[in-house]
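Colleague: All the letters of the sequence shown, read from the start, carry residue numbers 15 to 337 under the working numbering.
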Amino acid sequence: MGDLLVINNLKKYYPISGGVLGRTQAQVKAVDDVSFTVKQGETLGLVGESGCGKSTAGRSILRLIEPTEGEILFDGKNVSAMKQDEVRRMRRDMQIIFQDPFASLNPRHNIGKILEEPLIVHGISSSAERKERVKRMLEVVGLSPYHATRYPHQFSGGQRQRIGIARALMLNPKLIVADEPVSALDVSVQSQVLNLMQDLQKEFGLTYVFIAHDLSVVRHISNRVGVMYLGRIAELADKDELYTNPLHPYTKALLSAVPVADPDKKQERIILQGDLPSPANPPSGCTFHTRCPQVMDICKQVRPENRNMGNNHLVACHLYEEF
Ligand code: SF4
Numbered sequence: 015m016g017d018l019l020v021i022n023n024l025k026k027y028y029p030i031s032g033g034v035l036g037r038t039q040a041q042v043k044a045v046d047d048v049s050f051t052v053k054q055g056e057t058l059g060l061v062g063e064s065g066c067g068k069s070t071a072g073r074s075i076l077r078l079i080e081p082t083e084g085e086i087l088f089d090g091k092n093v094s095a096m097k098q099d100e101v102r103r104m105r106r107d108m109q110i111i112f113q114d115p116f117a118s119l120n121p122r123h124n125i126g127k128i129l130e131e132p133l134i135v136h137g138i139s140s141s142a143e144r145k146e147r148v149k150r151m152l153e154v155v156g157l158s159p160y161h162a163t164r165y166p167h168q169f170s171g172g173q174r175q176r177i178g179i180a181r182a183l184m185l186n187p188k189l190i191v192a193d194e195p196v197s198a199l200d201v202s203v204q205s206q207v208l209n210l211m212q213d214l215q216k217e218f219g220l221t222y223v224f225i226a227h228d229l230s231v232v233r234h235i236s237n238r239v240g241v242m243y244l245g246r247i248a249e250l251a252d253k254d255e256l257y258t259n260p261l262h263p264y265t266k267a268l269l270s271a272v273p274v275a276d277p278d279k280k281q282e283r284i285i286l287q288g289d290l291p292s293p294a295n296p297p298s299g300c301t302f303h304t305r306c307p308q309v310m311d312i313c314k315q316v317r318p319e320n321r322n323m324g325n326n327h328l329v330a331c332h333l334y335e336e337f
């Protein structure tokens, strides 16, 4: 399968202004030179602590946030160079699911109206066809057609996320950016929603960018996983490769916190010192050096470049320089 999404050197900087004249004094580098590709039909997981830039990256791909720099190629088209009306048309094919579906569902509209809205916005089909599509999508996500007359507050968290998924599917998209779609749900409901997303991926040939702060959630659903730290990708590899052979000290620390199913397997928890530094004032060199258990002198001065360690396993760390 070919690449559906290609992201080259994506940056999103927010100016911090101050002083009497309100001039830009510094910049928050929320996303700083991020590149990756997503093949048709696969799921790329993006993982990292809150504030690492993963959600900003996800929204920038859809141009819900305007990127500062970089190239977004989707289905062979250059999204980054599109005018706003072209972007709006293209959003039929690129949809987003949010962490808190309740906040994104209009509480005064019933579910039928909420689901019909994207069809109306894109001038699609007659009222009867729209109603038919609503009915079909409710069934597809495991709800019932009669739910169309209910209101968001009448549903549980898991059901609301199913509605969020149904709405994203209304226009038959190719790509879905799922921004922490199960983080607000109980663990038992999480796996139901993840299973549903996997089933829908097969049924509709969907491609996902799946954003989460938890490596165990992403493992379930991803083909490849990128680990982000302070706006950059620290490591990116196929799922099995990343989980069995993590190279970056940050990935190792995150993985050491994931519970293992095998009780005989001893796992030492790596506790990271300190908090995530502010992206407005990131550390010099390798931005992870203030918390890295394997920090060396060079790390404080020189930013490590991404290196391909074979099998498309990319890592940005001076420990692997000699390779
Ligand atoms: Fe740690 Fe240095 Fe590698 Fe950064 S470059 S992760 S500080 S060893």
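Where is the CB? At the ideal position from N, CA and C, for every residue including glycine.
Every value quoted in this text rests on a predicted model; they were computed, and no experiment measured them.
1) For Y264, which option in P166, A95, A330 has the closest C-alpha, if you only look at C-alpha atoms?
2) Looking at the secondary structure, which residues open and close the alpha helix (DSSP H) in which N209 lies?
3) So K43 is in the beta strand (DSSP E); what residue range does that whole segment cover?
4) Can you grab the Cα-Cα spacing for the pair P71 / I179, in whole Å?
5) Taking all protein chains shown into account, do 16 or more other C-beta atoms lie within 10 angstroms of the C-beta of R174, making it buried, or fewer, making it exposed?
6) Check this for me: beta carbons of V223 and L208, under 8 Å apart or not?
7) Mind listing, in chain order, the residues whose beta carbon lies closer than 5 Å to a non-hydrogen atom of ligand 1?
8) G172 and A44: beta carbons closer than 8 Å?
9) Taking D89 as the reference, give the member of N237, I235, D17 with the closest Cα.
10) How many Å lie between L269 and A248 at the Cα?
11) So what's V93 in DSSP terms, helix, strand or just coil?
12) Under the DSSP definition of a beta bridge, which residues are partnered with E83?
13) What are the partner residues of Y243, as DSSP defines its beta bridges?
14) Thinking C-alpha only, which one of L19, S230, D254, M104 is nearest E194?
15) Could you have a look at Y334 and say whether DSSP puts it in helix, strand or coil?
16) Compute the distance between the beta-carbons of G59 and M15, then report whether it is under 8 Å.
17) At the level of alpha carbons, what is the spacing between H262 and S49?
18) Would you kindly work out how many angstroms separate the C-alpha atoms of S31 and V42, rounded to a whole number?
19) What do you reckon, are the CB atoms on K25 and G65 nearer than 8 Å?
20) List the endpoints of the continuous alpha helix (DSSP H) containing L76.
21) From L87 to G137, what distance separates their C-alpha atoms?
22) Does the Cβ-Cβ distance between I235 and T57 come in under 8 Å?
23) For V316, which option in T301, M151, T258, R106 has the closest C-alpha, if you only look at C-alpha atoms?
24) Can you give, in chain order, each stretch of the beta strand (DSSP E) that sits fully within the region 123-173 and has at least 3 residues?
25) Since T57 is in the beta strand (DSSP E), which residue starts that stretch and which ends it?
26) Tell me, please, whether the region 143-154 touches the region 111-129 by the rule of three or more beta-carbon pairs shorter than 8 Å.
27) Is there a C-beta anywhere in chain D that falls below 8 Å from the one on D107?
28) Measure the Cβ-Cβ separation of I111 and A198 and say whether it is below 8 Å.
29) Could you check the C-alpha separation between M184 and A162 for me, to the nearest Å?
30) If I'm right that D252 touches R238 with Cβ under 8 Å, what's the distance once you round it to whole angstroms?
Modeller: Taking the geometry as given:
1) A330
2) 201-218
3) 37-53
4) Residue 71 is actually Ala in this sequence, not Pro. Spanning the two alpha carbons is a distance of roughly 20 Å.
5) buried
6) no
7) P263, C300, F302, H303, C306, Q308, V309, C313, P318, C331, H332, L333
8) no
9) D17
10) 14 Å
11) helix
12) K25
13) R246
14) S230
15) helix
16) no
17) 17 Å
18) 11 Å
19) no
20) No alpha helix (DSSP H) holds L76; DSSP gives it neither H nor E.
21) 25 Å
22) yes
23) T301
24) none
25) 57-61
26) yes
27) Structure shown: chain D not included; a single protein chain is present.
28) no
29) 14 Å
30) 5 Å
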